[in-house]
Every structure is written in structure tokens, then in C-alpha cells.
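Beneath this line is the structure, given in C-alpha cells, with notes to follow.
Residue numbers (the numbering used here): 4 to 112.
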């Protein structure tokens, strides 16, 4: 599936717009990761445990968005974006969203 952050796909013509599509996941931090993060916060630097958790969450949200687009009969997603937010004290929500479309290779001139 083609996924772009732009309105158009270079070399393709959008022949049909299927509609909005999204994938959502919510992740909770574990007590172990919170302890390690607190200690790392005292020293400074990247907190790898949280980085890995958010990378996995983005991938899962994107995979779910692609599944939804396939179910709608799309072969591409344009204007793809991520959004995130906090739920409670230890949960993060990640959503991937865009517009599901049918895109065909443009004719060569």
C-alpha cells in the first residue's frame, strides 16, 4: 500500500476517494519502565524504554490504518498523519490517520 503525507502521489492519479481512515492504539507504561525512566531522568538523555514503546505503538497504529484502508477497497493513503495524547497518568494514545484512495499509475507522455 502506498502511504504518503502529501495530497498527491507522484506518478499516480487518484481515481477514487474512499474516505477517512485511521488506526488507533493505547499503550500503558509498566511500573518497571517508570522506575528506569525516573532514574534516567535524574541523569538526562534518551529514555530508550519509552522510545521503543512509542515506536511500536506508531507501527501498530499504522498497521491498523492500512488494514482499514484495505477493507474499504483502497490501495493508497494520502495526507497521512500521526497524533498522540495522554490518557490518565500512565497511558498514551497514538492514532495514524489519512484519506484512503484508489491510485492508478499515471500515463506516460
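Ideal Cβ positions, reconstructed from N, Cα and C, are used throughout, including at glycine.
Exercise. So with Cβ pairs under 7 Å, would you call residue 31 a contact of chain C?
Worked result: As a matter of chain content, chain C is missing from the structure shown, which is built from one protein chain.
Problem set entry | N-terminal and C-terminal residue of the beta strand (DSSP E) that residue 75 is part of | In the chain shown, counting from the first residue as 1, residue 75 sits at position 72. Neither: residue 75 is in no beta strand (DSSP E) and is coded neither H nor E.
For this session: Indicate the three-state DSSP secondary structure (helix, strand or coil) for residue 68 in the structure shown.
Result: Within the chain shown, the letter at position 65 stands for residue 68. Look at residue 68 here: in three-state DSSP terms it is helix.
Exercise. In the structure shown, what three-state DSSP assignment does residue 8 receive?
Worked result: Position 5 of the chain shown, counted from the first residue, corresponds to residue 8. Coil.
Exercise. Is it buried or exposed for residue 74, if we count other Cβ within 10 angstroms and need 16 for buried?
Worked result: Here residue 74 corresponds to residue number 71 of the chain shown, with the count starting at 1. By the neighbour-count criterion, in which a residue is buried when 16 or more other Cβ atoms sit within 10 angstroms of its Cβ, residue 74 is exposed.
For this session: Under 8 Å Cβ to Cβ from residue 24, same chain only, skipping five residues before and after it: list those, please.
Result: Taking the chain shown and counting its residues from 1, the one referred to as residue 24 is at position 21. Taking residue 24 as the centre and dropping the five residues before and after it, the same chain places the C-beta of 68, 71, 72, 75, 77, 80, 100, 101, 102, 103 closer than 8 Å to its C-beta, in chain order.
For this session: Note down, in chain order, each residue of its chain lying with its Cβ closer than 7 Å to the Cβ of residue 65, except the 5 sequence neighbours on either side.
Result: Mapped onto the chain shown, residue 65 falls at position 62. Here the set comprises 26, 99.
Problem set entry | Selected residue, minimal CA-CA separation from residue 97, among 49, 106, 85, 53 | For the purposes of this step, residue 97 is taken as residue 94 along the chain shown, with counting starting at 1. Considering only alpha carbons, the answer is 85.
Problem set entry | Start-to-end residues for the beta strand (DSSP E) that takes in residue 109 | Numbered from 1 along the chain shown, position 106 holds the residue referred to as residue 109. Segment: none, residue 109 is in no beta strand (DSSP E) and carries neither H nor E.
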